[in-house]
Every structure is written in C-alpha cells, then in structure tokens.
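Colleague: Please see the structure below; I have some questions.
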Amino acid sequence: MNVVIYARYSSHSQTEQSIEGQLHTCYEYAKNNGYLVVGEYIDRAQSGTTDSRAEFQRMIADSDKHTFEGVLVYQLDRFAHNRYDSAINKAKLKKNGVRVISARENISDDASGILVEGVLESMAEYYSAELSQKIRRGMDINAEKCLSNGSNPGLGYRVDEERRFHIDPEGAAVVREIFEQYASGKTVTEIIQSLNARQIKTSQGKAFNKNSLHRLLRNRRYIGYYIYKGVETPNGMPRILEDELFERVQHILNRNKKAPARSRGREEYLLTTKLFCGYCREMMTGYGGTGKSGKAYHYYACNNFKRRKCKKKVINKEKIENRVVLECRKLLTDSNIEHIAASVAAVCESDWDTISVKRIKAAIQETDTAIENLWKALEKGQAADMITERIEKRQKEKEELQAQLAIEMNKQVRLSAPDIRAYLYALKHGDKNDENTKRGIINIFLRAVYLFDETFTLILNGSDKPIVIDDILLDEIEEGLDDDLANHNLCSSLVADAPPKKERHDFRRVFLFVVQSADVGTSNYDTPRIPCSGTETLKGIIMYNFESILSLGVFWYTAKDLDYTKK
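Have a look at this one:
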C-alpha cells in the first residue's frame with residue numbers, strides 16, 4: 001500500500017516528537033508493515049488545534065489524486081488536536097479512499113478500534129487544551145514579572161537567558177535617532193530612505209517601510225512600559241526615551257493625521273499648519289490645479305470652504321507667502337539678530353546637561369558606590385558567593401546606564417553666537433524670492449497667521465502681541481483666479497504625507513544635527529550651508545534642523561524682547 005507521512009511540531013517544547021524523530025518512527029513502521037512511502041508533508045511550528053496548516057491542506061487536496069491510500073502519522077495528535085477538525089478531514093480522506101494510520105498507537109479497523117481512536121483523539125484535545133492553559137498561565141506569570149514571553153523584543157532591546165529585557169546600545173541609538181529626526185522635522189519618507197541607505201534593519205531583519213516606522217514611533221516600550229494583553233506596566237522595561245520626546249512625537253503624529261501636505265511635486269506650501277481662517281479658525285489647505293483657461297494655479301483654501309461651511313475666499317499661494325515673509329523679515333534688525341544670537345548661545349553654554357543626563361549620571365554614581373561597598377564586604381569575608389553575584393549584577397546595571405548615557409550625550413551639539421549670527425544675516429540679505437530663504441524665515445519667526453478677507457493677523461515667535469495687517473491688497477492676492485477656483489470647484493487637494501510641524505518645546509531637547517566632516521556637497525535637502533566659526537570641524541548644518549532650534553530659541557528665550565516695526 002502506498003502511504004504518505006504527515007509530520008508536525010508546535011512552536012513550544014518538542015523532544016522525541018521532533019520532525020526527525022517522527023519521520024524515523026514512521027519509516028520504521030512503514031518498513032515493518034510493508035508500506036511504500038511515496039511522499040512527505042511537514043508543518044513546522046504549527047498548532048494542531050486548527051487545520052489551517054499549509055502542508056496539511058496540501059495533503060488533503062493531493063488525496064483527490066488517488067496516488068496514496070494511507071496517511072501515516074507519528075500519533076493521532078499530529079493529525080489534529082481538535083475532534084471536530086479531525087472528523088471532517090478524516091471524512092474527506094475516506095471519501096478519496098485514504099485512511100489515517102498511527103505509528104505509535106495500534107488501532108484496529110473494527111468497532112473497538114473506532115472506540116479507541118475516539119478516546120485517543122479526546123485525550124489529544126484535552127492535552128492540547130491543558131497545554132495551552134499552562135502556556136497562557138506561564139505567560140501571565142512572566143508578564144507579572146515583566147519578562148519576555150518569547151516574542152521579538154523590538155529594536156533597541158535584547159533578552160537574556162532569564163528572559164529579562166536589556167538595552168541593546170546599537171539598536172537603542174537607532175531608536176533615539178529616529179525619534180529625534182522625526183521630532184526635529186524630518187518626514188517619515190526621509191527617515192526611511194536614510195535608514196535603508198545605511199542598511200539599518202528592523203528588529204525582524206527587514207528593510208524599514210512606513211508601517212514598521214509608524215509602529216516604532218508609537219511603541220510605548222521605549223518610555224518604560226511593559227505591555228501584555230493591553231495592560232501597561234510602568235517601569236517594566238528599560239527606558240530608552242524620555243517622556244517629553246516621546247509625547248512630542250505622538251503629538252506630531254496625531255497632528256499629521258489631519259494636516260494637509262506641505263509639498264507635492266515641485267511646489268511647497270510654506271504656510272502649511274500655520275495658516276488659519278480668521279472666520280472659523282479652521283486650518284487652510286494648499287491646493288493646486290488648472291483653471292478653465294488652462295493656467296496652473298496654487299493657492300490656499302479654508303477646509304470649511306470646501307465643505308461649504310465658510311465664506312473665506314481662496315488665496316493665491318505665492319502672494320500671501322511673500323506678504324507674510326515681508327512682515328516676518330522686519331524682525332531681522334541688527335539689534336534683534338545680536339539679541340537672538342547672544343540669548344540662544346547663552347542657553348547652549350549654561351546648564352548643558354539635560355534632566356535625563358543628570359538622572360543617568362546620578363544613577364551611575366549610585367551604582368559605583370554600591371559596587372564599592374560590595375567589594376568592601378567581600379574583603380571582610382562576608383558571603384563571598386552571594387556578594388560576587390551581586391557585584392556582577394551591579395556591573396551589568398552600570399553597563400546599561402552607560403549605554404543610556406551615551407545615547408543622551410550623542411544628541412548634544414553646541415552652537416556659538418557667530419554661527420547663529422551668520423545664519424540670521426544670510427536670511428536677512430538673502431534673495432527674497434528664494435524658497436529656502438522664505439522657508440527659513442517662516443520656520444523661525446512665524447507661529448500662526450489668521451487670514452480674513454480684508455486683514456490678517458500675525459502671531460510671531462519674537463513678539464508678545466498679535467500684529468494686525470490691515471493694508472492687505474486682497475484684489476491683488478486673489479487676482480487671476482478663474483471663477484471655478486474662486487467658488488467651490490476646487491482642484492486637487494494636497495492632503496497626504498504631510499511633514500510634521502515643528503513644535504515649541506524645550507530648546508535644549510531638540511539638538512539633532514546632520515554634520516558633514518568632508519567638503520560641503522549635496523544632501524537630502526537643497527539648502528544653503530551654514531558657516532561655522534573658529535576651528536570647528538563642522539562643515540555645515542542642515543538648514544531645516546537649524547531653523548527648528550532657532551525658532552525654539554526665539555520663542556522661549558527672546559519672545560518679549562524683539563522689536564517689530566510696522567512700516
């Protein structure tokens with residue numbers, strides 16, 4: 001009789017029932033009983049509680065070809081743990097003239113054999129249910145102790161022999177870099193391109209994509225939460241990030257679910273996330289398209305206007321951006337530049353260690369003290385084995401703390417007053433039509449614009465009072481728009497893949513720079529380089545991040561001291 005062998009093992013413990021052991025026993029049984037083995041079907045790490053197994057289903061389908069008369073298994077629980085699935089699939093096989101044979105369980109074909117088979121299958125189902133319960137109970141116990149349950153620990157972590165989580169310094173540095181880059185203004189696409197270009201993989205060894213990066217950015221493990229069955233245990237995981245950075249990223253992620261696109265193709269809408277309707281306070285979105293005349297248009301429109309809930313007219317993109325830049329540029333006086341440079345540089349020089357750095361240094365000092373006390377106890381001959389074990393444990397704690405400290409220290413870069421001054425003067429004297437210059441001015445000084453039909457109100461980072469501009473030339477800003485654009489028939493909306501808006505947060509917490517140590521060349525940003533003073537080895541700083549830092553410095557440290565003259 002021709003038979004095939006079906007072998008399977010679960011993902012949890014298997015000994016003699018490993019694939020090799022099962023095949024050996026089945027081949028011996030076939031030889032002793034005169035069966036000819038014509039094929040093998042093997043499912044690895046598959047549970048017997050379900051019949052959704054690739055090789056199992058292939059075996060059932062192949063039985064319709066009538067090339068074998070029997071399916072030889074190590075024992076019946078390899079075929080199925082579930083009695084219902086077992087009965088259904090045996091009926092399918094029986095219809096094709098195929099029966100199931102157990103190499104370990106001697107079951108006859110008579111009525112008593114049917115009874116024995118039923119008992120064995122019931123026992124298999126009971127064993128499976130009991131084993132699943134034990135596994136779940138074991139996982140629950142592990143969770144109570146914040147131990148690994150065998151799943152992927154995630155990028156930035158490793159698991160030791162005792163199932164405890166530890167920080168992987170190399171992976172944690174990547175995690176920190178990703179969060180800092182996103183918080184400082186890089187888009188998801190730009191971060192993915194950078195990671196994949198450097199062959200940096202996910203914790204599963206795969207290239208990064210939008211889904212994997214978003215999961216990483218949402219992972220609360222990085223701020224110390226152990227998560228099991230939806231329950232979060234604070235301080236259950238070694239912390240890689242500070243709460244402030246993590247929450248800042250969450251805020252940006254949430255905002256970008258609704259934010260319109262800053263750019264699409266060659267056009268960049270510089271006022272994205274900063275331009276609001278003065279009537280309904282809704283964000284104004286960038287649109288682009290072609291009117292009836294065939295001319296291309298780029299403009300902003302209130303989101304409620306498209307829903308027919310607001311009367312605000314659409315506004316020409318280039319002209320409103322230029323007018324806003326003109327007003328913001330008035331803050332770039334010589335006295336203001338000197339004040340900003342001095343104030344921000346002073347912050348860089350004073351109390352440089354962040355709260356997290358201080359906390360980690362204090363923990364390292366405490367650990368060193370503990371280790372020293374343990375050595376003193378060991379010298380006195382106290383419980384040598386126990387003290388030695390405690391010293392080793394403390395040494396591991398110190399290594400993890402040093403890894404965390406390295407992560408925190410790597411992000412700290414100092415700026416000098418000449419660096420800041422040179423950049424601000426480049427903005428002041430730069431080409432007023434240059435997109436990079438306009439972007440820099442808007443990112444640093446502008447907090448929000450509330451636009452009406454006859455006036456608009458500026459909220460500037462460098463002034464403590466709203467500024468109302470009442471000489472707006474509305475006809476000029478709206479001129480040339482076709483009737484279909486001036487009414488409700490808007491062109492394509494740019495509402496996908498919005499870069500994050502740079503938030504206002506502690507200036508010292510956002511130092512993430514892209515530094516070139518060789519000659520200045522091209523980068524992912526088509527932006528001018530910033531000259532560095534003295535003997536600095538920095539050849540340039542990417543403009544976007546420089547703007548982020550200066551905008552925070554202007555907002556927090558010079559907000560009420562800058563002069564604005566309305567001309």
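Here the sequence shown is numbered in UniProt numbering, starting from 1 and rising by one per residue. The beta carbon of each residue, even a glycine, is placed where N, CA and C say it ideally should be.
(1) In the structure shown, what three-state DSSP assignment does Gly171 receive?
(2) Grouping DSSP H, G and I as helix and E and B as strand, with all else coil, what is Asp43?
(3) Hey, is Gly224 close to the ligand COA, as in C-beta under 7 angstroms from one of its heavy atoms?
(4) Taking only the alpha-carbon atoms, compute the straight-line gap between Asp419 and Gly236 and give it to the nearest angstrom.
(5) Taking the C-alpha atoms as reference points, what is the distance between Asp178 and Leu155?
(6) Helix, strand or coil for Leu374 per DSSP?
(7) Quick check on Pro238: buried or exposed, where buried means 16 or more other Cβ atoms within 10 Å of its Cβ?
(8) What's the call for Asn152, buried or exposed, on a 16-neighbour Cβ count within 10 Å?
(9) Around the Cβ of Ser148, are there at least 16 other Cβ atoms within 10 angstroms (buried) or fewer (exposed)?
(10) Between which residues of its own chain and Ala7 is the CB-CB distance below 8 angstroms, once the five residues before and five after are set aside?
(11) Could you give the residue range of the alpha helix (DSSP H) that holds Gly440?
(12) Look at Gln181 and Ile192 and say whether their C-beta atoms are less than 8 angstroms apart.
(13) Do Val449 and Leu195 have their C-beta atoms within less than 8 angstroms of each other?
(14) Excluding the five sequence neighbours on either side, which residues of its own chain have a C-beta within less than 7 angstroms of the C-beta of Gly97, listed in chain order?
(15) Return the chain-ordered list of same chain residues with a C-beta closer than 7 angstroms to the C-beta of Ala403, the five sequence neighbours on each side being excluded.
(16) On a Cα-Cα basis, can you pick out the residue from Tyr279, Cys280, Asn336, Leu270 that is closest to Lys317?
(17) Can you tell me the Cβ-Cβ gap for Val325 and Ile467, rounded? I've got them flagged as a contact below 8 angstroms.
(18) Flag this pair as touching only if the region 333-349 and the region 293-309 have three or more C-beta atom pairs under 8 angstroms; answer yes or no.
(19) Between which two residues does the beta strand (DSSP E) containing His298 stretch?
(20) Quick one: grab the DSSP three-state call for His251.
(21) Taking all protein chains shown into account, do 16 or more other C-beta atoms lie within 10 angstroms of the C-beta of Val3, making it buried, or fewer, making it exposed?
(22) Would Arg359 and Leu374 qualify as a contact pair, given that the criterion is a beta-carbon distance under 8 angstroms?
(23) Classify Ile60 as helix, strand or coil using the three-state DSSP reduction.
(24) Tell me, please, which residues DSSP counts as bridged to Tyr222.
(25) Taking 6 angstroms as the limit between beta carbons, can you name the residues of its chain near Leu424, skipping five residues before and five after?
(26) Within 10 angstroms of its Cβ, does Arg215 collect 16 or more other Cβ (buried), or is it exposed?
(27) With a 10 Å radius around its C-beta and 16 neighbouring C-beta atoms as the bar for buried, classify Ala30 as buried or exposed.
(28) Assuming Ala417 contacts Ala341 under a Cβ cut-off of 8 angstroms, what Cβ separation, rounded to an integer in Å, is found between them?
(29) Which whole-angstrom value describes the C-beta separation of Cys310 and Met284, a residue pair presumed to lie in contact below a C-beta threshold of 8 angstroms?
(30) Just how far apart, CA to CA, sit Val37 and Val100?
(31) What's the call for Met386, buried or exposed, on a 16-neighbour Cβ count within 10 Å?
(32) With DSSP as the reference, label Phe452 as helix, strand or coil.
(33) Does Ala183 pass the burial test, meaning 16 or more other C-beta atoms within 10 Å, or should it be called exposed?
(34) Kindly indicate which residue of Leu378, Asn211, Ala143 has the alpha-carbon position closest to the one of Arg164.
(35) Using DSSP's beta-bridge definition, name the partner residues of Cys277.
Modeller: Put simply:
(1) helix
(2) strand
(3) No copy of the ligand COA appears in this structure; indeed no ligand is present at all.
(4) 43 angstroms
(5) The identity of residue 178 in the sequence shown is Ile, whereas the question assumes Asp. Taking the straight line from one Cα to the other gives about 11 angstroms.
(6) helix
(7) buried
(8) exposed
(9) buried
(10) Ile19, Gln22, Leu23, Cys26, Glu40, Tyr41, Ile42, Asp43, Val73, Tyr74, Arg78
(11) 435-445
(12) no
(13) no
(14) His66, Glu69
(15) Ile167, Pro169, Ala172
(16) Leu270
(17) That belief does not hold up - the Cβ atoms of Val325 and Ile467 are roughly 14 angstroms apart, past 8 angstroms.
(18) no
(19) 296-302
(20) helix
(21) buried
(22) no
(23) helix
(24) According to DSSP, Tyr222 bridges with nothing at all.
(25) Ile337
(26) exposed
(27) buried
(28) 4 angstroms
(29) Not really, about 10 angstroms apart at Cβ, beyond 8 angstroms.
(30) 14 angstroms
(31) exposed
(32) coil
(33) buried
(34) Ala143
(35) Leu451
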